[in-house]
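S.K.: For what it's worth, full-length UniProt numbering labels the leading residue of the sequence shown as 1, then goes sequentially. Ideal Cβ positions, reconstructed from N, Cα and C, are used throughout, including at glycine. Note that the structure is a prediction, hence the values are computed from the model and not measured. Would you mind keeping the following structure in view while I ask a few things?
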Amino acid sequence: MYNPQVVLYNAIKTPSTLELIDIFQEPCTTQLPTTTYNDAVDTRLNEGKRSEEEEEEEEEKTTSEIKHSAEISCIDLVAKKAITLAGFLLYRYEKRKPMYKKDMLTIISCSNEDRFTEILMRANENIESAFAVVIKETDTTSHKYALVSKLKLPNNGRIHSGMGLPKTGLVMTILGVIILKGNSISEENLWKFLKTKALYPGKKHYIYGEPKHLITKDLVRLNYLKYQQVPNSNPPQYEFLWGRRALKETTKKEVLDFLANDNVIAPNKSTTTYGKARRDEEDANSEMVAIPGTNEMAMLLLLPGAAASPLYPSI
């Protein structure tokens, strides 16, 4: 099994969008295999005479196997094309170039409208799970699309002006870790976690730039994170909490749902932490309170960029 995020990051690093066209050139519609029942059982018939009933049973079984094989092949093809399309859209986003449906159809070699919709939805799932941005059609006349950040970060998720990839996924991830650690996390523990995901203070990352400045300066300045000294700590220690803009723009449920996406995290949904945090969100007036059971969570986050770290070291 291929890892969608690894393939996705290969696509992102492709220097030219034209090169993406050659990644998967299979036709968009998958035909059933040309193998017929007669082809499949010819040799078996030569082994001995069978009754009509046995032949009918064999024919039904073989036909079913052929159709099942075709369905598997079709699903796999859609998954591949979805990753190709996701890589193309992220590349256009990074370079601040427009995204049109006609270009998407060219990239994935697709003329089937229903199949295009399916591929687009799968591409959206891949992008949303890694970057917390979603594909939206912004002009129904020209069929122009855009990637839109789920948080109102400056520059549509890039934070800084100019070109670049969205930082929204990292922000959502940190907010989620804060929830799972009881609504605050020490600076030391946050960096222990981020280092396992190829994010190091002082070391520039391809997507996030210098992580320490992004987290302790930019996100604090923008009020997505609150950075404060731990009360009565000596020597002084610091911790992170949700900032007021995070509280305004998202919810614990939305953040936990983002983390629980199969491509991003695998916290056990039966744990005390996850379950109670979700229940808290059912009450519109619930406040951020300490959540016990944080030792039960499974910190298996796959941050955007981490999957590709061995292929594309931080610069």
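Give me the Cα-Cα distance between residue 138 and residue 127, rounded to the nearest whole angstrom.
M.R.: As a position in the sequence shown, residue 138 is number 138, starting the count at 1. As a position in the sequence shown, residue 127 is number 127, starting the count at 1. Spanning the two alpha carbons is a distance of roughly 17 Å.
S.K.: Have a look at residue 83 and residue 221 and give me their C-alpha separation to the nearest angstrom.
M.R.: Looking up residue 83 in the sequence shown gives position 83. Looking up residue 221 in the sequence shown gives position 221. One C-alpha to the other measures close to 34 Å.
S.K.: What would DSSP say about residue 181, mapped onto helix, strand or coil?
M.R.: Translated into the one-based positions of the sequence shown, residue 181 becomes position 181. Coil at residue 181, not helix or strand.
S.K.: How would you call residue 233, buried or exposed, if buried means at least 16 neighbouring beta carbons within 10 angstroms?
M.R.: For the purposes of this step, residue 233 is taken as residue 233 along the sequence shown, with counting starting at 1. Residue 233 should be labelled exposed.
S.K.: Apart from the five residues on each side of it in sequence, which residues of its chain come closer than 6 Å, Cβ to Cβ, to residue 245?
M.R.: Position 245 of the sequence shown, counting from 1, holds the residue named residue 245. 223 and 224, listed in sequence order.
S.K.: Per DSSP, what are the beta-bridge partners of residue 99 in this structure?
M.R.: Indexing the sequence shown from 1 puts residue 99 at position 99. Answer is 145, bridged to residue 99.
S.K.: Among 162, 183 and 124, which has the Cα closest to the Cα of residue 146?
M.R.: Against the sequence shown, residue 146 aligns to sequence position 146. Ranking 162, 183 and 124 by Cα distance to residue 146 puts 124 first.
S.K.: Grab the span of the beta strand (DSSP E) containing residue 135 for me, first residue to last.
M.R.: The count along the sequence shown starts at 1 and reaches residue 135 at position 135. Counting along the chain, the beta strand (DSSP E) containing residue 135 begins and ends at 133-139.
S.K.: Taking the alpha carbon of residue 255 as the point to measure from, which residue in 238, 229, 183 and 163 has its own alpha carbon closest?
M.R.: Within the sequence shown, residue 255 is the residue found at index 255, counting from 1. Comparing Cα positions, the closest option is 183.
S.K.: Would you check if the distance between the CB atom of residue 168 and the CB atom of residue 194 is smaller than 8 Å?
M.R.: In the sequence shown, residue 168 corresponds to position 168, counting from 1. In the sequence shown, residue 194 corresponds to position 194, counting from 1. Taking 8 Å as the Cβ cut-off, residue 168 and residue 194 do not qualify as a contacting pair.
S.K.: So, at 8 Å on beta carbons, what are the nonlocal neighbours of residue 105 in its own chain, with the 5 sequence-adjacent residues on each side left out?
M.R.: For the purposes of this step, residue 105 is identified with residue 105 of the sequence shown, where counting begins at 1. The answer, listed in chain order, is 111 and 116.
S.K.: Could you pull the DSSP bridge partners for residue 228 from this structure?
M.R.: For the purposes of this step, residue 228 is identified with residue 228 of the sequence shown, where counting begins at 1. Beta-bridge pairing links residue 228 to 239.
S.K.: To the nearest angstrom, how far is it from the Cα of residue 91 to the Cα of residue 103?
M.R.: Looking up residue 91 in the sequence shown gives position 91. Looking up residue 103 in the sequence shown gives position 103. About 13 Å.
S.K.: Just to confirm my understanding: we take residue 161, look at its own chain, exclude 5 residues before and 5 after, and list those with CB closer than 7 Å. What are they?
M.R.: Locating residue 161 in the sequence shown gives position 161, where the first residue counts as 1. Cβ neighbours of residue 161 beyond the five flanking positions: 155.
S.K.: Could you pull the DSSP bridge partners for residue 209 from this structure?
M.R.: Counting from one through the sequence shown, the residue named residue 209 turns up at place 209. In the DSSP output, where bridge partners are listed per residue, residue 209 has 205.
S.K.: Using the rule of at least 16 other Cβ atoms within 10 Å of the residue's Cβ for burial, across every protein chain shown, is residue 142 buried or exposed?
M.R.: Position 142 of the sequence shown, counted from the start, is the residue given in the question as residue 142. With fewer than 16 Cβ atoms within 10 Å of its Cβ, residue 142 is classed as exposed.
S.K.: Hey, would you say the C-beta of residue 144 is under 7 Å away from at least one heavy atom of the ligand HEM?
M.R.: By its list of ligands, the structure shown contains no ligand whatsoever, and the ligand HEM lies outside what it can speak to.
S.K.: Quick one: Cα of residue 229 to Cα of residue 130, how far?
M.R.: On the sequence shown, position 229 is the one that residue 229 refers to. On the sequence shown, position 130 is the one that residue 130 refers to. C-alpha separation (whole angstroms): 31 Å.
S.K.: If residue 164 sits next to residue 133, beta carbons under 8 Å apart, how far is it from one beta carbon to the other, in whole angstroms?
M.R.: What you label residue 164 is simply residue 164 of the sequence shown in a count that begins at 1. What you label residue 133 is simply residue 133 of the sequence shown in a count that begins at 1. No, residue 164 and residue 133 are not in contact; Cβ-Cβ is about 12 Å, not under 8 Å.
S.K.: Please confirm whether residue 240 and residue 252 have their CB atoms less than 8 Å apart.
M.R.: By one-based count along the sequence shown, residue 240 stands at place 240. By one-based count along the sequence shown, residue 252 stands at place 252. Contact: no.
S.K.: Rounding to the nearest angstrom, what Cα-Cα distance links residue 259 and residue 100 in this structure?
M.R.: To locate residue 259, count along the sequence shown from 1; it is residue 259. To locate residue 100, count along the sequence shown from 1; it is residue 100. Going from the Cα of residue 259 to the Cα of residue 100 covers about 30 Å.
S.K.: Residue 129 by DSSP, collapsed to three states: which one?
M.R.: Residue mapping note: residue 129 aligns to position 129 of the sequence shown, counting from 1. In the structure shown, residue 129 sits in a helix (DSSP, three-state: H, G or I).
S.K.: Under 8 Å Cβ to Cβ from residue 243, same chain only, skipping five residues before and after it: list those, please.
M.R.: As a position in the sequence shown, residue 243 is number 243, starting the count at 1. Counting only Cβ-Cβ distances below 8 Å, and skipping sequence neighbours, we find 219, 220, 222, 223, 224, 225 and 226.
S.K.: What does DSSP give as the partner residue(s) for residue 161 in the beta ladder?
M.R.: Start at 1 with the first residue of the sequence shown, and residue 161 comes out as number 161. For residue 161, which the question treats as bridged, DSSP gives no partner whatsoever.
S.K.: Starting from residue 189, trace the alpha helix (DSSP H) both ways and give me its first and last residue.
M.R.: Locating residue 189 in the sequence shown gives position 189, counting from the first residue. 187-195 is the span of the alpha helix (DSSP H), which, as asked, contains residue 189.
S.K.: What distance in whole Å lies between the Cβ atoms of residue 118 and residue 78, which are believed to be in contact at a cut-off of 8 Å?
M.R.: Here residue 78 refers to the residue found at position 78 of the sequence shown. Here residue 118 refers to the residue found at position 118 of the sequence shown. That pair is a contact at about 6 Å.
S.K.: Using a 10 Å radius around the Cβ and a threshold of 16 neighbouring Cβ atoms, would you call residue 166 buried or exposed?
M.R.: On the sequence shown, residue 166 is found 166 positions in, with the first residue counted as 1. Classification of residue 166: buried, given that the 10 Å Cβ count is 16 or more.
S.K.: Smallest Cα separation from residue 76: which of 97, 181, 122 and 144?
M.R.: Stepping through the sequence shown from its first residue, residue 76 is reached at position 76. Closest option to residue 76, Cα to Cα, is 122.
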